[in-house]
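Peer 1: Offset between the sequence shown (1-based) and the working numbering: plus 80. The beta-carbon is built from N, C-alpha and C at its ideal position, and this holds for glycine as well. The structure follows.
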Amino acid sequence: TVTVSTAADKQGTGIDFLFASGATGNTHNPTVSFTGDHTFHHCMSLIKFTFKAGDGLSFNETEPAGYTLEGLKHEGTFDTATGTTAVTAAAESPITMQLGGATTSQVIILPQEVNSSLNLKVSYNGQSYNAQLKLPATPTANFYTAGYAYTYNITLNNKDIEVSDPTINPWESGDSNDASAEL
């Protein structure tokens with residue numbers, strides 16, 4: 081069993097655990113075939129993001145700088161003998177990722193149950209855009225399942241400017257004075 085962290089600084093192929101079992105070989109039949117029920121499978125979950133410019137925005141020269149995802153636990157274990165994972169973190173913690181000019185990103189997470197929507201904060205042009213992400217429905221409701229990739233297409237929209245009906249005050253009377261004009 082190994083300790084796993086899916087924090088931002090640990091993201092990458094090093095935590096994309098693969099596991100296969102049942103494939104055997106011996107001296108008379110040394111070819112081991114990882115096919116059918118014996119194929120390697122992903123033991124972690126994957127969340128993928130695609131960021132798009134919506135109303136009033138253009139990513140021509142400025143892309144989102146990064147994002148913070150809240151609502152997940154990032155500490156756990158991976159059992160190398162069985163291929164199972166377990167969440168050991170007591171509390172949720174945010175994960176902040178930098179995009180470096182990209183409009184796509186992904187985070188590998190421990191498979192886990194979630195009880196409320198995930199909060200996503202996207203940093204773009206010095207502003208913070210917020211979204212609530214729907215929880216998984218398949219294959220298991222409210223659970224990020226091992227071996228599944230969950231894709232979220234995020235469209236950033238500028239807020240519309242709302243102009244309310246103006247209040248119009250009538251002209252008020254000012255001072256009244258007499259003046260003489262001469263030629």
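1. Among A226, A182 and K90, which has the Cα closest to the Cα of E155?
2. Kindly list the residues whose CB is nearer than 6 Å to the CB of H121, restricted to its own chain and excluding five residues on each side of it in sequence; keep chain order.
3. How many angstroms separate the CA atom of Y147 from the CA atom of A88?
4. Taking the alpha-carbon of S208 as reference, which of L190, P144 and L98 has the nearest alpha-carbon?
5. Give me the Cα-Cα distance between G181 and T107, rounded to the nearest whole angstrom.
6. Determine contact between the region 211 to 222 and the region 164 to 172, defined as no fewer than three beta-carbon pairs at a distance below 8 Å.
7. Within a Cβ cutoff of 7 Å, which residues of the same chain sit near A229, ignoring the five residues on either side of it in sequence?
Peer 2: Taking the coordinates as given:
1. The shortest C-alpha to C-alpha distance from E155 to any of A226, A182 and K90 is the one to K90.
2. Excluding residues up to 5 positions away in sequence, G227 lie with their Cβ nearer than 6 Å to the Cβ of H121 in the same chain.
3. 11 Å
4. P144
5. 52 Å
6. no
7. L126 and K128
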